[in-house]
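Student: Before I ask anything, let me first share the structure, which is written out below as structure tokens.
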RNA sequence: UGGGGGAUGGUCUAGGGGUAAGACGACGGGUUCUGGCCCCGUUAACCAAGGUUCGAAUCCUUGUCCCCCAGCCA
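Numbering (my numbering), first residue to last: -11 to 554.
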């Protein structure tokens, strides 16, 4: 089993190749994955993780895990732990290279003092609203703050006292002295430090002031001797400030920032704000709800790290806005699990079948391979008896054209077992619904094949009723009804296009071997799809999540036939 | 009406003066004890208009459309 094809190149790898050739950093390549611990990682982060750790792996470089924890009012240790778990699960390791921006608070503070001494930063005592007013607009230049020309001494005094906790929140900020008329609004004397009397999850009450992202990130990169700092497109405007801080401080050699397009996936939302809304408003069952695009949700659903990594390789890295088809992810999952997942029998929407000429009370066992194309995966015994469950979809009283499953008078194969012929149907007298099918079997077809060469077109999966294990089966579907959940009429939002049928819980029956599988167990229910045992499973009462169905050309054909009739 | 980016089949991504390539999807066929997998085939693209050139997706010019930026968020 090979791990995908060779990683395709992209503009970032070209830049690295060129730096290596020029010897910009010698032969060193150092990246970092810098999440803010204020939420759970999602598949968009996986793209960044694969990019950064993948580059480190391929260039024999390093990739640091760095928590960008400069805003204690939003961050917590809970998120730090969840993020570490998710990165590990993705299959990447940072070894000893785990850092926190908060590790650098003292150094950052010293750099700020250096800027003040250089006359490149000042304490501004304007309020938030005034700062906004003074900033100007996109088309008009800003005005200089009246505090812009405080002396170095006064700035030093004030900043030191900010640090000492002498002022309440909002009283002052430290700003870079750049250019209030800059075309790039970010360069109009950006805030470097704000006062926040909030305990930090790591530094506690040690700091009443906290550095801003733009000041922290570039310097953290420099401190860690990062060579290539990769982030998403919305930070392109911030690059000028990134460069300004490092160059003003005269740091060399220094990291450079490169931006790539973030991932968008059809039928999903990938912004922290919106994911939080789904969780907090109870529209899903938590961060790890199997419908969530969070890594914890995907993991619980049953998506494998291998599939997600392959997916990230396949979608590539570029700079144009994109909307990747969710089908691509499912393809990667099926590709992975097709090789590795044991084939087992599970009936999700049961219909009882009675084999009328099979001895009452009789039973026998068959030895089924776990994977017909991979003998090494072994086998297990599966019981057979007079009463079975088959899939409702596998019987039609009035079969459409080209339907070759069971219908009155029709002979089909019960997988690995016998040929059976439908002789009778039992209906609910009240509803007319078929509740039982009566069949006869041909004892000479034991094992599921016939010596006389007689062919049957349909093969059905089944579970012996008396031996069946009842399982809760959670059938998941897309969380939203439209490709782009953001594309809604005025006055509506993404929550108005949530798919009411994104979760259907059904009582199913599975073969006895599945009675006590471990949570996280992946398998293929033959002919149905890939399933994963949920942590809610208990011994004897498994819970299975449907990850995705098998490719179903019959369903598609039938759908298009109906479309033609309509 | 400021600045920063971006535009290649339905989708994602290559190609950076010389036959527009791959993957997903869709469609058709072969095979099959999973209507799965696998195999084969079909479909379908360079934002527009000018220009340079023997030759332009690529270089130049002018447009068009889309995204990002006015947090003491990241």
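We put the beta carbon where it would ideally sit given N, CA and C, even for glycine.
In this text, all values refer to a predicted model and were calculated from it rather than measured experimentally.
1. What number of angstroms, rounded off, separates the C-alpha of residue -1 from the C-alpha of residue 305?
2. Starting from residue 265, trace the alpha helix (DSSP H) both ways and give me its first and last residue.
3. Leaving out the 5 sequence neighbours to the left and right, which residues in its chain are closer than 8 Å to residue 200 when beta-carbon positions are compared?
4. Could you pull the start and end residues of the beta strand (DSSP E) that residue 15 belongs to?
5. According to the Cβ coordinates, are residue 559 and residue 96 closer than 8 Å?
6. If you reduce the DSSP assignment to three classes, tell me which class residue 155 lands in.
7. Tell me the start and end of each unbroken beta strand (DSSP E) in the segment 20 to 80 that is at least 3 residues and wholly inside, in chain order.
8. Nearest to residue 374 by CA position, among 349, 366, 99, is which residue?
9. Only counting runs of 3 or more residues, tell me where the beta strand (DSSP E) segments fall wholly within the segment 211 to 295, in order along the chain.
10. Looking at the secondary structure, which residues open and close the alpha helix (DSSP H) in which residue 327 lies?
11. On the DSSP bridge list, what partners appear for residue 376?
12. Counting beta carbon pairs with one atom in the segment 201 to 219 and one in the segment 237 to 248, are three or more of them shorter than 8 Å?
13. Classify residue 423 as buried or exposed, calling it buried when 16 or more other Cβ atoms lie within 10 Å of its own Cβ.
14. May I ask you to report which of helix, strand or coil DSSP gives residue 303?
15. Whole angstroms is fine: what's the gap from residue 487's alpha carbon to residue 471's?
16. Let me know the secondary structure DSSP gives residue 143 once reduced to three states.
17. Tell me which residue opens and which closes the alpha helix (DSSP H) that residue 399 is part of.
18. Taking DSSP as the reference, what is the three-state secondary structure of residue 540?
19. Evaluate residue 33 with the Cβ neighbour count: other Cβ atoms within 10 Å of its Cβ, from every protein chain shown; 16 or more gives buried, anything less gives exposed.
20. In the segment 433 to 510, which residue ranges form an unbroken beta strand (DSSP E) of at least 3 residues, counting only runs that do not cross its ends?
21. Enumerate in chain order the residues of its own chain whose CB-to-CB distance from residue 65 is below 7 Å, with the five nearest sequence positions on each side excluded.
22. Take residue 549 and list the residues in its own chain whose beta-carbon comes closer than 6 Å to its own, dropping the five residues that flank it on each side.
23. If we require 3 or more residues per run, which beta strand (DSSP E) segments fall completely within the segment 77 to 146?
24. Would you mind working out which of 271, 112, 142 sits nearest residue 484, comparing C-alpha positions?
25. Leaving out five residues on either side along the sequence, give the residues of the same chain with a beta carbon under 7 Å from the beta carbon of residue -10.
26. CB-CB under 6 Å to residue 253, same chain, minus the five flanking residues each way: which ones, in chain order?
27. Use the C-beta contact count for residue 494: other C-beta atoms within 10 angstroms, 16 or more gives buried, fewer gives exposed.
28. How far does the beta strand (DSSP E) with residue 162 in it extend, from its first residue to its last?
29. Going by CA-CA distance only, name the one from 537, 508, 225 that's closest to residue 288.
30. Check the DSSP bridge columns for residue 197 and list the partner residues they point to.
31. By alpha-carbon positions, which one of 343, 331, 338, 344 ends up nearest to residue 357?
32. Spatial neighbours of residue 380 within its chain, please: C-beta separation below 6 Å, excluding the five flanking residues on both sides.
33. What would DSSP say about residue 364, mapped onto helix, strand or coil?
34. Between residue 496 and the rest of its own chain, which residues show a CB-CB distance below 8 Å, the 5 nearest in sequence each way excluded?
35. Quick check on residue -7: buried or exposed, where buried means 16 or more other Cβ atoms within 10 Å of its Cβ?
36. Compute the distance between the beta-carbons of residue 89 and residue 100, then report whether it is under 8 Å.
Tutor: The answer reads as follows:
1. Going by the C-alpha atoms only, they are around 8 Å apart.
2. That run of the alpha helix (DSSP H) goes 260 to 268.
3. Only residues of its own chain outside the window of five on either side were considered, and among them 58, 178, 179, 180, 181, 182 have a CB closer than 8 Å to the CB of residue 200, listed in chain order.
4. Per DSSP, residue 15 belongs to the beta strand (DSSP E) from 12 to 15.
5. Residue 559 lies beyond the residue range present for the chain, which begins at -11 and ends at 554; the question has no answer from this structure.
6. Residue state, collapsed to three classes: coil.
7. Taking only runs of at least 3 residues, the beta strand (DSSP E) segments lying wholly in the segment 20 to 80 are 50 to 55.
8. With distances taken between Cα atoms, residue 374 lies closest to 349.
9. Segments of the beta strand (DSSP E) lying fully in the segment 211 to 295: 216 to 220, 244 to 248.
10. Bounds of the alpha helix (DSSP H) holding residue 327 are 314 to 328.
11. Secondary-structure assignment with DSSP links residue 376 through a beta bridge to 341, 452.
12. With the cut-off at 8 Å, the segment 237 to 248 and the segment 201 to 219 touch.
13. The residue is exposed, with fewer than 16 neighbouring Cβ atoms inside 10 Å.
14. Here residue 303 carries a helix assignment [DSSP, helix/strand/coil].
15. Cα to Cα, the separation comes out at about 11 Å.
16. Per DSSP, reduced to three states, the secondary structure at residue 143 is helical.
17. No alpha helix (DSSP H) contains residue 399, which is instead part of the beta strand (DSSP E) from 399 to 402.
18. For residue 540, the secondary structure class from DSSP, reduced to helix, strand or coil, is coil.
19. Buried: at least 16 other Cβ atoms inside 10 Å.
20. Fully enclosed beta strand (DSSP E) runs of 3 or longer: 457 to 464, 491 to 498.
21. These residues qualify, in order along the chain: 189.
22. Once the five neighbours on either side are set aside, residue 549 has no close Cβ partner at all.
23. Every beta strand (DSSP E) stretch that sits fully inside the segment 77 to 146 and reaches 3 residues is listed by chain position as 86 to 88, 109 to 112.
24. With distances taken between CA atoms, residue 484 lies nearest to 271 out of 271, 112, 142.
25. Confidence at residue -10 is low in this model, with a pLDDT of 33, below 50, so the placement of that residue is unreliable and no value is reported for it.
26. Same-chain partners within the cutoff: 312, 314.
27. By the neighbour-count rule (16 or more Cβ atoms within 10 Å), residue 494 is not buried but exposed.
28. Residue 162 -> beta strand (DSSP E) spans 161 to 164.
29. Of 537, 508, 225, the smallest CA-CA separation from residue 288 is found for 508.
30. Its beta-bridge partners are 183.
31. Ranking the options by Cα distance to residue 357, first place goes to 331.
32. So the list reads 337, 339, once near-sequence residues are dropped.
33. Reduced to three states, the DSSP call for residue 364 is helix.
34. Setting aside the 5 residues that flank it on each side, residue 496 is surrounded in the same chain by 334, 335, 336, 337, 338, 458, 459, 460, 461, 532, each with a C-beta closer than 8 Å to its C-beta; the list follows chain order.
35. With a pLDDT of 45 at residue -7, under the threshold of 50, the modelled position of that residue is not reliable, and the figure given next carries that caveat. Per the 10 Å Cβ criterion, exposed.
36. At least 8 Å separates the beta-carbon of residue 89 from that of residue 100.
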